[in-house]
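Residue numbers (our numbering), protein chains in the order written: chain A, 94 to 446; chain C, 7 to 587; chain L, 140 to 471.
All C-beta atoms in this analysis are idealised placements derived from N, C-alpha and C, irrespective of residue type, glycine included.
Just so it is clear, the structure is predicted and the values come from calculations on it, not from any experiment.
A quick write-up on the structure given underneath.
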Amino acid sequence: MGSINRRTKPLESAISVLLLAILLFIGLAVFAKQFKYDMSRFGIEQAPAHYPSHRPQVVPNHELDLTSLNPENFQPLSKTEVYGHHNLYEKINGKASLYLDSGFTKLLTRRFISKDDENLWAELFVYDMAAPRNAFSVYTVQRRVDAVPLGIADPNYAYRTANALYFVNARYYIELVGSAESQPLLAAMVKISDNLRKRLPVNNLTDIADSTLFPPENIVPGSIKLYLTNAFGFQDLTDTFTAKYKLPNETVTAFISRQPDSLKAATVAQSYYNFLIENGGTTKQASNEALHGRIIDFYDTTEIIVPAGPFVAGIHEAQNQNSAEDLALTLLNRLNEAAKAKTDDRAKRQTVR
Amino acid sequence: MKIVLVRQISQCFFFLMFGWFCVVSTLGDKFWQLRAWPVNWFLQLDPLAALATILTTHTLYGPLLWALATVILTIVFGRFFCGWVCPFGSIHHFVGYLANRKSPTSQNLRLNKYRKAQSIKYFVLVFFLAMAAFPSIAATLQTGLLDPIPLVTRSFNLLLLPILDRPLTLVSVTDRFYEGAWLIFAVFATAVLLNLVIPRFFCRFICPLGALLAILGRFAIWQIGKTQPRCSDCGLCQTHCQGACEPAAAIRSSECLLCFNCRQDCPDQLIAYQTTPSLAGRITDPDISRRGFVLSLLTGIFATPALRLANKLGPNYQPTLIRPPGALPEEQFLKRCIKCGQCIRVCPTNVIQPAGIDKGLECLWTPALNNRIGSSACQLNCVACGQVCPTAAIRPITLAEKLGNGPFTTAGPIKLGTAFIDQNRCLPWAMDKPCIVCQENCPLSPKAIYTREYFSTIRDAVFTVKKATQTTLQAAKANFSLDKFATGDYYCAVDGSSPKKIIANTQDSIEISHDQRFREIPAAGSKMEIQIRLQRPFIDIEKCIGCGICEHECPVSGRKAVAVSAEGETRSAESRLLLQS
Amino acid sequence: MTEQKDKPFDRRRLLTRTGKAAFSIAAASAVSYLAYDDKPPLPGSAAQKLVTLPDFSLPHLPGQTISIVEGPNRTKTVNKAIELLGGIKRFVQPGETVVIKPNIAFASSPILGATTHPQLVAEIVRLCLKTARAKRVYVIDNPINDPASGFMLSGISKAATAAGAKIVLPNNHLFRHTTLTGGRLIKNWPVFFAPLEKAHKLIGVAPVKDHHRSGASMTMKNWYGLLGGRRNIFHQDINTIIAELAMMVRPTLVILDGTEVMMTNGPTGGSLSDLRRADTLIASCDQVAADSFGSSFLNLNVSDLPYLAKAQKAGAGTTDYQSLKPKFAAVD
């Protein structure tokens with residue numbers, strides 16, 4: 094730069110060194126800063142190179158309390174474990190999808206063991222299903238074939254098998270599974286369930302009141318099930334209660350599906366009818382006028398589908414058409430009465446007003 | 007060690023650091039990617055950005071507090087930022103040096119003498135600040151057009167980097183594209199090439215930041231000056247003067263960039279950086295004429311309302327202007343965006359683009375989404391743009407807020423706009439072709455695009471059944487090409503019954519799926535129609551967040567058959583579409 | 140070149156100038172001659188040199204073509220599944236280069252199941268490098284979403300690199316044009332060829348996913364990620380393109396991951412509730428058989444997925460997986 098050669102003064106050199114030191118400091122500070130990064134700030138979920146399995150968390154205090162449920166001769170074997178959507182599979186594997194599809198929010202589990210015999214232990218599963226309807230659905234859909242009434246509660250909402258208790262209470266579905274078939278263990282499990290029941294909300298059954306619309310004659314006790322969606326493999330059959338009936342030569346299934354209004358009910362009934370026809374069903378003559386055009390022969394079984402007010406009702410897989418038609422009419426009458434009672438009720442209230 | 011050498015080291019240091027920050031602005035966690043590199047540091051040190059946002063918003067956004075450091079140092083030492091730090095200034099310095107390194111001293115002296123026109127930069131500053139300062143009329147932040155830090159950030163990131171990186175693919179694997187980069191190029195190239203006319207042309211005549219620093223530095227405690235009132239008047243001190251501040255005479259200290267070349271060049275060592283004023287006298291005040299000041303102020307005050315006459319903030323808003331997620335309502339946005347392009351640079355999919363003049367003069371180089379240009383549209387799991395915005399024109403949102411999760415469940419996800427299907431262009435809607443690429447790629451669960459099945463009788467495909475079995479139909483007067491209908495998408499409906507899937511065809515007969523065989527064999531003479539099964543897409547307007555992935559993937563590649571427009575964007579009440587949300 | 144005025148004009152200078160002029164004319168003529176083309180350009184883009192994908196498949200061993208292993212842990216199931224087919228050493232020889240093609244279509248988190256699980260990719264990389272002593276393993280895909288983001292967010296970049304593989308992101312210069320013999324759709328179409336060109340073995344690894352247009356996305360649909368260009372237009376004839384992909388790509392081995400199955404909202408998913416655990420993993424030398432078995436995870440039949448029959452007809456494999464005598468096992 095064509096500069097004139099001259100000696101640098103010591104002060105200038107000192108300032109120069111100071112300035113270079115500042116630059117060095119800035120450089121180091123910037124370098125140090127970049128190490129402290131958190132990519133999640135940018136919305137990037139950092140996926141670890143290795144995937145440790147999710148461990149259940151220890152229960153926070155405000156959850157449903159599962160401590161000191163055990164009778165005298167039993168003691169807790171584990172702390173309460175909590176499972177959510179992401180790790181329910183770890184606890185119950187393939188069964189999880191049923192719960193996840195039915196409004197599952199969380200599962201609390203805890204194990205208890207006998208003080209006298211270490212082979213006797215039980216595990217308590219409390220599924221919080223968000224609504225009584227959901228809880229009732231998972232309870233009924235899974236009901237074991239070897240179910241016997243529990244005897245301590247309404248048989249529609251509780252049963253036991255050789256080594257386990259199952260019941261539904263408000264929005265909770267509860268299982269208590271024992272390690273062995275043993276009288277003392279069963280007694281302890283009943284005790285645990287009684288203690289637990291006291292901590293649960295009062296059983297709110299209005300959500301599942303439609304199940305009372307099934308005619309009580311010939312019904313198989315404890316056979317009522319609730320399918321939230323996709324009953325009989327048909328997508329639009331939502332909120333469907335089914336019940337088994339013992340008819341002279343066979344057991345058939347009757348169903349009631351509540352729809353938002355009667356128009357929608359008629360549409361769903363028709364589309365289910367078409368669905369069966371498309372899949373190989375054929376129309377069948379009804380012996381009763383009220384069921385005309387509502388009966389399908391589906392690979393040698395009889396299917397009846399009738400809209401009734403806001404409901405779609407019917408009979409599934411019957412062998413004998415006549416007895417099926419009779420049952421369908423009984424069911425239909427009952428539904429119409431219920432609808433009428435409701436209308437009367439409303440009319441009465443309006444008159445009063 | 008000579009101070010000039012230290013200045014050169016400092017310029018190189020900051021220039022390289024700036025360049026490095028541009029390179030590492032790629033989203034990722036490798037050391038040459040974003041991590042926590044302070045890539046906004048130069049923008050944060052910029053007092054013009056800080057001052058202008060204070061004027062428009064009456065607040066100083068946290069990270070911009072760095073500008074205070076620049077302000078304090080400038081008040082004490084003068085315009086060190088221009089001569090020692092500013093990366094754009096260093097480019098001008100270097101290019102000016104290259105252009106004149108062999109010029110005779112006489113020419114250098116002529117080039118580096120003070121010019122009256124150097125006061126233009128003050129008028130530029132006043133003009134922009136006036137646009138920003140009068141919220142009672144309308145306020146807009148336009149300093150970014152010429153503020154050197156956003157200008158050079160934008161030019162490096164959106165112009166030089168994509169061009170240089172294309173053959174190398176070191177910074178980005180997929181090629182990066184920027185719409186309207188030609189204008190960024192035009193401004194950058196002009197500013198750089200003007201150094202061939204006069205060195206540091208931009209700094210001396212145009213730079214509004216330099217003007218601001220000049221005003222701040224007028225009371226600087228240390229200043230360059232002569233240590234004796236008289237000298238040999240050789241004038242050599244002005245040979246390499248960067249600021250054209252005339253150190254030989256009464257120095258114009260507001261123009262001085264502290265390059266220290268005069269001190270180096272003086273053969274008699276009569277120039278020093280000192281607390282005592284120059285003994286040859288000095289002019290500390292910038293050369294701003296009252297008339298020029300008033301005119302630029304008035305022009306500035308009128309400019310914004312003039313821009314706003316188009317009513318682009320009202321009902322005449324631009325439906326094609328899609329802002330990044332978290333962007334403020336347009337009026338607030340324009341008060342904060344400094345057009346630095348950091349959001350555009352960091353966007354992993356390249357969907358954010360610098361808006362061109364077509365989006366309105368006020369929006370020039372502000373971020374706007376173009377779903378056709380990049381490697382994808384707005385990525386669901388990404389909020390990088392807001393995180394790098396130096397002024398929070400795009401708020402630094404979390405992923406939970408963007409997606410409407412956790413505490414934001416009631417607020418719902420942030421919508422950028424709404425996708426609309428153009429039924430006149432969509433393959434299943436207009437052309438009897440199956441497609442639904444849009445539905446498939448919708449990243450939401452449940453998807454915002456759903457389909458309805460529709461069986462469409464294809465052109466000239468109604469025939470009379472000649473002969474039939476349970477699974478085959480022979481048509482009269484047909485001439486099909488072999489297995490044309492065997493793609494799995496074609497069906498056959500006989501006499502209006504429900505369509506049955508075709509699995510093979512010969513010249514005049516078709517075979518239907520054996521699962522769907524006829525229960526009653528169709529009679530000869532029945533009508534048979536060849537139909538194609540279409541899944542026609544529909545937008546669920548309550549779910550769509552306007553991410554634009556459907557638009558990006560739509561195979562109708564020119565004018566897309568599904569495209570996002572601004573209706574329904576969360577940030578604006580003006581474009582609301584739904585009754586409740 | 141400035142001529143001096145004072146110098147007299149002489150013959151020598153005239154000759155020099157004439158020589159230069161003659162050279163200039165010759166040069167101009169030569170350029171014209173060399174560049175001369177008497178035909179107008181042909182329509183369409185410049186012809187590309189076409190390539191053919193190598194055949195990576197191995198001779199079938201009876202009873203060791205497909206294995207089905209149940210279990211929740213992918214690391215264990217994939218080891219068992221490959222072991223049942225004769226172990227990784229049957230498929231990969233020491234010193235070979237292996238390409239692994241996972242499904243990284245979307246930039247989404249691995250827990251959502253829209254992409255191949257990183258743990259599975261890492262384990263296959265490890266098997267190739269450590270057990271079979273392969274020289275190099277490349278992990279490749281051409282995602283639908285932004286490629287760099289897809290590799291990063293799916294966790295595959297990190298997991299595969301940690302296991303010793305090299306990631307190859309799609310870039311235009313890695314693609315070559317190919318035409319499938321006997322194909323109707325894949326004609327002069329760009330494929331992700333460069334990493335495959337020098338590879339000895341190819342392993343496809345795909346999850347089972349719902350797919351609205353085609354019914355299901357499994358190992359055959361996974362090859363879509365080798366296509367470049369505007370591949371979305373193939374959705375107009377999805378069954379044919381999937382069948383042609385199976386004809387074009389002859390892998391050494393495919394792994395179909397049904398540990399978690401995307402039942403609904405596919406192929407992007409986006410919610411845990413779209414997934415169902417089936418805890419099953421399939422290893423197969425026959426991709427058609429693997430997908431035919433896999434269709435049952437989605438409650439579909441072979442006839443619900445027309446591309447399976449098409450691929451079988453084209454000789455890419457068999458839909459009758461039972462005929463291959465699958466080996467079954469379960470690991471915890």
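Quiz item: Where does C18(C) land, buried or exposed, given buried means 16+ other C-beta within 10 angstroms?
Solution: Translated into the one-based positions of the second sequence, residue 18(C) becomes position 12. So C18(C) ends up on the exposed side.
Quiz item: For I263(L), which residues in chain D fall below 9 Å Cβ to Cβ?
Solution: Protein chains in the displayed structure are A, C and L, and chain D is not among them.
Practice problem: Please determine, among A107(A), L170(A), A223(A), K188(A), the residue with the shortest C-alpha to C-alpha distance to T202(A). | Solution: Taking the first sequence and counting its residues from 1, one reaches residue 202(A) at position 109. Checking every option, the nearest Cα to that of T202(A) belongs to L170(A).
Practice problem: Find the nearest neighbour of F225(C) within the set L22(C), V82(C), R329(C), L263(C), judged by alpha-carbon distance. | Solution: Within the second sequence, numbered from 1, the residue matching residue 225(C) stands at position 219. Taking only the C-alpha atoms, the option nearest F225(C) is V82(C).
Quiz prompt | Through-space distance from S356(L) to G289(L), alpha-carbon basis | solution = In the third sequence, counting from the first residue as 1, residue 289(L) sits at position 150. In the third sequence, counting from the first residue as 1, residue 356(L) sits at position 217. Going from the Cα of G289(L) to the Cα of S356(L) covers about 18 Å.
Self-check item: Buried versus exposed call for H179(A) [16 or more other C-beta atoms within 10 Å across all chains shown]
Solution: Indexing the first sequence from 1 puts residue 179(A) at position 86. Per the 10 Å Cβ criterion, exposed.
Quiz prompt | Where R121(C) falls: helix, strand or coil (DSSP) | solution = Taking the first residue of the second sequence as 1, we reach residue 121(C) at position 115. Three-state DSSP puts R121(C) in coil, outside helix and strand.
Quiz item: Per DSSP, what kind of secondary structure is I518(C) in: helix, strand or coil?
Solution: Within the second sequence, the letter at position 512 stands for residue 518(C). It is a strand residue.
Quiz item: Is it a yes or a no for the segment 446–457 of chain C touching the segment 519–530 of chain C, going by three-plus beta-carbon pairs under 8 Å?
Solution: no
Self-check item: Rounded straight-line distance, which links the Cα of D285(L) to that of C353(C)
Solution: As a working mapping, residue 353(C) is identified with position 347 in the second sequence. As a working mapping, residue 285(L) is identified with position 146 in the third sequence. Straight-line Cα distance between these residues: approximately 10 Å.
Exercise. Along the beta strand (DSSP E) that carries W47(C), what are the first and last residues, could you check?
Key: Translated into the one-based positions of the second sequence, residue 47(C) becomes position 41. Unbroken run through W47(C) is the alpha helix (DSSP H), 47–50; no beta strand (DSSP E).
Quiz item: Closer than 8 Å, Cβ to any Cβ of chain L: which residues of the segment 439–460 of chain C, in chain order?
Solution: K439, P440, C441, I442, V443, Q445, E446, N447, C448, P449, L450, S451, P452, K453, T457
Quiz prompt | Chain-ordered neighbours of N186(A) on chain L, where CB pairs are closer than 8 Å | solution = Here residue 186(A) refers to the residue found at position 93 when the first sequence is read from its first residue. Neighbours of N186(A) on chain L, chain order: P211, R416, D418.
Quiz item: Would DSSP call A309(C) helix, strand or coil?
Solution: Translated into positions along the second sequence, residue 309(C) becomes position 303. Helix at A309(C).
Exercise. Could you tell me whether the Cβ of L292(L) comes closer than 8 Å to any Cβ of chain A?
Key: Against the third sequence, residue 292(L) aligns to sequence position 153. At least one chain A Cβ lies under 8 Å of L292(L).
Quiz item: Buried or exposed: K232(C), going by 16 or more other Cβ atoms within 10 Å of its Cβ?
Solution: Reading the second sequence from its first residue, position 226 is the one you call residue 232(C). Answer is buried; the Cβ neighbour count reaches 16.
Quiz item: In chain order, which continuous runs of the alpha helix (DSSP H) of length 4 or greater are located wholly inside the segment 163–227 of chain L?
Solution: 213–223
Practice problem: Enumerate in chain order the residues of its own chain whose CB-to-CB distance from V10(C) is below 6 Å, with the five nearest sequence positions on each side excluded. | Solution: Here residue 10(C) is taken as the residue at index 4 of the second sequence, counted from 1. F266, Q270, listed in sequence order.
Practice problem: Return no unless some Cβ of chain L is closer than 8 Å to the Cβ of Y182(A). | Solution: What you label residue 182(A) is simply residue 89 of the first sequence in a count that begins at 1. Answer yes: the Cβ-Cβ gap between Y182(A) and chain L drops below 8 Å somewhere.
Exercise. State the beta-bridge partners of F218(A) as determined by DSSP.
Key: Within the first sequence, the letter at position 125 stands for residue 218(A). DSSP lists T202(A), E268(A) as partners of F218(A).
Quiz item: How would you call H64(C), buried or exposed, if buried means at least 16 neighbouring beta carbons within 10 angstroms?
Solution: For this step, residue 64(C) is matched to residue 58 along the second sequence. So H64(C) ends up on the exposed side.
Practice problem: Would you be able to state if there are at least three C-beta pairs under 8 Å between the segment 204–219 of chain A and the segment 264–278 of chain A? | Solution: yes
Quiz prompt | Cross-chain neighbours of D599(C) in chain A, by beta carbon under 9 Å | solution = Residue 599(C) cannot be examined here, being either before or after the span of chain C that is shown, 7 to 587.
Practice problem: Out of R226(A), T394(A), F404(A), state which residue places its alpha-carbon closest to the alpha-carbon of T344(A). | Solution: As a position in the first sequence, residue 344(A) is number 251, starting the count at 1. Minimum Cα distance to T344(A) is reached at T394(A).
Exercise. Report the partner residues of T379(L) according to the DSSP bridge assignment.
Key: As a first step, residue 379(L) is located in the third sequence; it is residue number 240 there, counting from the start. Answer is none; T379(L) lacks a bridge partner.
Quiz item: Beta carbon of L164(C), beta carbon of A197(C): below 8 Å?
Solution: Here residue 164(C) corresponds to residue number 158 of the second sequence, with the count starting at 1. Here residue 197(C) corresponds to residue number 191 of the second sequence, with the count starting at 1. Cβ atoms of L164(C) and A197(C): not closer than 8 Å.
Exercise. Mind the definition here: the segment 300–318 of chain L touches the segment 211–228 of chain L only if three or more C-beta pairs lie below 8 Å; say whether that holds.
Key: no
Exercise. Check the C-beta distance from L369(A) over to I389(A) and give it rounded, since I have them as a contact under 8 Å.
Key: Here residue 369(A) corresponds to residue number 276 of the first sequence, with the count starting at 1. Here residue 389(A) corresponds to residue number 296 of the first sequence, with the count starting at 1. With 8 Å as the limit, L369(A) and I389(A) qualify as a contact, their Cβ atoms being about 5 Å apart.
Quiz item: Nearest chain L C-beta to N511(C) closer than 8 Å, yes or no?
Solution: Counting from one through the second sequence, the residue named residue 511(C) turns up at place 505. With 8 Å as the cut-off, N511(C) does not count as an interface residue toward chain L.
Self-check item: Nearest-angstrom Cα separation, counted from D171(C) out to C28(C)
Solution: By one-based count along the second sequence, residue 28(C) stands at place 22. By one-based count along the second sequence, residue 171(C) stands at place 165. So the two alpha carbons sit approximately 12 Å from each other.
Practice problem: Out of R387(A), F135(A), I397(A), state which residue places its alpha-carbon closest to the alpha-carbon of M291(L). | Solution: Taking the first residue of the third sequence as 1, we reach residue 291(L) at position 152. Here the closest residue by C-alpha is F135(A).
Quiz item: Where does L112(A) fall in DSSP's three states?
Solution: Stepping through the first sequence from its first residue, residue 112(A) is reached at position 19. If DSSP states are grouped into helix, strand and coil, L112(A) belongs with the helices.
Quiz item: Anyone know if the C-beta pair for F348(A) and G407(A) falls short of 8 Å?
Solution: Locating residue 348(A) in the first sequence gives position 255, counting from the first residue. Locating residue 407(A) in the first sequence gives position 314, counting from the first residue. Yes; because the gap between Cβ atoms is below 8 Å, this pair is in contact.
Self-check item: Presumed contact (8 Å Cβ cut-off) between Y120(C) and E252(C), rounded CB distance
Solution: As a position in the second sequence, residue 120(C) is number 114, starting the count at 1. As a position in the second sequence, residue 252(C) is number 246, starting the count at 1. Yes, they are in contact, since the Cβ atoms of Y120(C) and E252(C) sit about 5 Å apart, within 8 Å.
Quiz prompt | Cβ of V470(L) within 8 Å of any chain C Cβ | solution = The count along the third sequence starts at 1 and reaches residue 470(L) at position 331. Not closer than 8 Å to any Cβ of chain C, the Cβ of V470(L) fails to qualify, so no.
Self-check item: Start and end residues, alpha helix (DSSP H) containing F339(C)
Solution: Position 333 of the second sequence, counting from 1, holds the residue named residue 339(C). Residues 336–342.
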